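These notes concern the structure reproduced below.
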């Protein structure tokens, strides 16, 4: 089946938008919560070359609402993740619109409003198969990710401790917090309360526009921080926006409105239930204690989802770890690297971690 | 006209719910933005006795979604605001449901969806008339308030500097921040997007229940702080709730769902446009520089609306002022005094301010 056939419905989820990428065939993939995705595809992109001894691989999953494309800015010859040195695998989440997802699966085959519950551990089981079966890799130099990418990083490090030499969970937690769940419920409800959503069975994803707008609005409140929006600071101008309203339209709505509502809901549900302690019968300390990776826990100061204190709490349970907070007015979205110094700070920490023996 | 006739529509806005209170007749009250409320009533409650020299009065306005009742917990014989010593006036905001409001004004008289734009300065002009015309008071020992009450406190201190001897703006700002505006837009949109709201012309306020539920949900995300909701902290249990879901239903929804949607929107609009710099052609430093009151600026640490840094920024422009941050997991809702030590800390600062010569 060609990519064009799989991604017919929404021009956002195409190679025209995201560049070339690959699909790994998972066959009929059984999910943690019981259902199976038939003929399941895991999308991914690689950069660099796997060396002979297969010991130069990095896995770099992405955040909520993202794809592999959004991580590419942290891969480059002048950066810590240098593709002349490393083989970088950027997997796409199940449900993100490039892998098997609600919008590219017909309703009668379990798509759209029928799409099954997917969990973070399903992503990591799928990625593990890609890494081992497709590439024959037994050890990873580094697993890193931001936000839901951090959830995936933790799941990798807890589930396959002997494989992960280094880990960098950035602005995310190993176990979702009740406050995150409240936030996720609010932005999911913003979409689901739009009558056009119709329990996930819309004929045109762009018809759910008011739901997606409310979703973007809630993200604008929580995604950065109060200080970013201070009228003296006017940080939005440095970011290239004439006003807060301009930023709402041309940053937040521009980001979300092209996406498929069910895809977003599938990812949000995964986020809402992310918890590595399920690997140890609910004992978080036991689960995090299994991590063998040299770990840099990298929260963003002023992050309204994942305050430094929540990340420090988890870091204290990881044997060989350091807390590396990064200051920025961009709050949770520091990772977007809109301010050059933020991107540089993140890259510096990654570089230091890669140079640390593990 | 009897209270019963004025407050027919919603049992929440009755003396059965709020106890006895008074109405001050403002006549036809012209608003800052141009329209007039005919036969306008300002509700208020007083506690204590005005002394002969009329120099023992305190004005204590309330927050968004509140009434005078919500401030009464800070007035008592064992507290700083002791009614055996002070005459305490607790005015109700225009639009709060006890004063003239959308829900108690028929549509053809400018009520419901036709209710005019009201501004913080309208509240303060109305309260000034109450204080001077009804009671003949020329000087106030203290003006204080929380959140929108802080906005009103600032407006009092800037507009009538010679009258206000002491001021305590608690967890609120003199000039609304763009981040607050984003938050206000999100929770107003939660109500307005409910089809039952019908541009403000519903026949039953309780029919707008899903809009009010979404509104409550957004407040649950921003009203406290992430740390409150930490799964190890389980602060909700100390607050008397079995779970976060229980707290959403029996704290947040219990608070908002009885209220009138248009009343909430009228108050939210006021909040969104609060800015004392309008008294000085947009120059905030000039406006705050006019304050003669001895001022304690009292932000709550972990407040997701009004971080200490925003409040400190304004405090630095007030001549005779001190910054008095109060730590609490309750974030913006520290003022609810659910944890006894929070209430005590607030009362201690108020007591110290009242004892300071001014």
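Residue numbers (my numbering), protein chains in the order written: chain W, 174 to 531; chain V, 174 to 531.
Each residue gets a CB set at the ideal place from its N, CA and C atoms; glycine is no exception.
Being a predicted model, the structure only gives us computed values, none of them experimental.
> By how many angstroms is the C-alpha of residue 286(V) removed from the C-alpha of residue 421(V)?
Replying inline: 28 Å
> At a cut-off of 6 Å, is residue 433(V) close to the ligand FAD when judged by its beta-carbon and the heavy atoms of the ligand?
Replying inline: Of ligands this structure carries none, so the ligand FAD is not represented either.
>> Can you tell me whether residue 423(W) is buried or exposed? The criterion is at least 16 other CB atoms within 10 Å of its CB, across all chains shown.
In response: exposed
>> Does any residue of chain V have a CB that is nearer than 7 Å to the CB of residue 487(W)?
In response: no
>> Let me confirm a value: residue 374(W) is counted as buried when at least 16 other C-beta atoms fall within 10 Å, else exposed. Which label applies?
In response: Burial check for residue 374(W): the Cβ neighbour count within 10 Å stays below 16, so the residue is exposed.
> Is residue 237(W) closer than 7 Å to residue 321(W) when the C-beta atoms are compared?
Replying inline: yes
> Given that residue 390(V) touches chain W, what residues does it touch there, using C-beta distances under 8 Å?
Replying inline: 355, 358, 359 and 362
> How about residue 312(V) and residue 228(V): do their beta carbons lie closer than 7 Å?
Replying inline: yes
>> Can you look up residue 322(V) in the DSSP assignment and give me helix, strand or coil?
In response: helix
> Using the rule of at least 16 other Cβ atoms within 10 Å of the residue's Cβ for burial, across every protein chain shown, is residue 530(W) buried or exposed?
Replying inline: exposed
> Going by other Cβ atoms of all chains shown within 10 Å of its Cβ, with 16 needed for buried, is residue 493(V) buried or exposed?
Replying inline: exposed
> Secondary structure at residue 217(W), three-state DSSP: helix, strand or coil?
Replying inline: In the structure shown, residue 217(W) sits in a strand (DSSP, three-state: E or B).
> Nearest-angstrom Cα distance between residue 359(V) and residue 307(W)?
Replying inline: 46 Å
>> Quick check on residue 399(W) - is its C-beta less than 7 Å from some C-beta in chain B?
In response: The structure shown has no chain B; the protein chains it does contain are W and V.
> Can you list, in chain order, the stretches of the beta strand (DSSP E) that have 3 or more residues and sit fully within the region 477 to 524 of chain V?
Replying inline: 494 to 496
> Looking at residue 470(W) and residue 327(W), is the spacing between their C-beta atoms short of 7 Å?
Replying inline: no
>> Applying the 10 Å Cβ sphere with the 16-neighbour rule, what's the burial state of residue 277(V)?
In response: buried
>> For the beta strand (DSSP E) containing residue 199(W), name the first residue and the last one.
In response: Per DSSP, residue 199(W) belongs to the beta strand (DSSP E) from 195 to 203.
>> Residues in the same chain with beta-carbon distance under 6 Å from residue 430(V), minus the five sequence neighbours each way, listed in chain order, please.
In response: 385
> Comparing alpha-carbon positions, which option in 509(V), 497(V), 263(V) and 504(V) lies nearest residue 523(V)?
Replying inline: 497(V)
> If residue 214(W) sits next to residue 199(W), beta carbons under 8 Å apart, how far is it from one beta carbon to the other, in whole angstroms?
Replying inline: 7 Å
> I think residue 284(W) touches residue 185(W), with their Cβ atoms under 8 Å apart; what is that distance to the nearest whole Å?
Replying inline: Incorrect: roughly 17 Å between the Cβ atoms, too far for contact.
> Is the Cβ-Cβ distance between residue 183(V) and residue 433(V) less than 7 Å?
Replying inline: In this structure, residue 183(V) sits near residue 433(V), with a CB-CB distance shorter than 7 Å.
>> On the CB-based measure, 16 or more other CB atoms within 10 Å of its CB, does residue 296(W) come out buried or exposed?
In response: buried
>> Only counting the same chain, and skipping five residues up and downstream in sequence, which positions put a Cβ closer than 7 Å to that of residue 325(V)?
In response: 234, 293, 296, 297 and 318
>> Counting only beta-carbon separations shorter than 7 Å, does residue 124(W) have a partner in chain V?
In response: This structure cannot speak to residue 124(W), because chain W is shown only from 174 to 531.
> Using DSSP with H/G/I as helix, E/B as strand and the rest coil, what is residue 264(W)?
Replying inline: strand
> Between the Cα of residue 534(V) and the Cα atoms of 250(V), 446(V) and 196(V), which residue gives the shortest distance?
Replying inline: Because chain V spans 174 through 531 in this model, residue 534(V) falls outside it and cannot be assessed.
>> Within 7 Å of any Cβ in chain V, is that where the Cβ of residue 316(W) sits?
In response: For residue 316(W), the answer is no, since every Cβ of chain V falls outside 7 Å of its Cβ.
> By DSSP, does residue 227(W) sit in helix, in strand, or in coil?
Replying inline: Residue state for residue 227(W) is assigned as coil, using DSSP reduced to three classes.
>> Counting only Cβ pairs nearer than 9 Å, list the residues of chain V close to residue 403(W).
In response: 350, 351, 352, 482, 483 and 486
>> According to DSSP, simplified to helix, strand and coil, what is residue 134(V)?
In response: Look at the range of chain V in this structure, 174 to 531, and you will see that residue 134(V) is not part of it.
> Taking the DSSP output, what are the residues bridged to residue 448(V)?
Replying inline: Beta-bridge pairing by DSSP links residue 448(V) to 348(V).
> Name the DSSP beta bridge partners of residue 310(V), please?
Replying inline: According to the DSSP secondary-structure assignment, residue 310(V) is paired through a beta bridge with no residue.
>> Which residues in chain W have a C-beta closer than 7 Å to the C-beta of residue 507(V)? List them in chain order.
In response: Simply none; closest approach about 16 Å.
> Helix or strand or just coil, what does DSSP make of residue 242(V)?
Replying inline: helix
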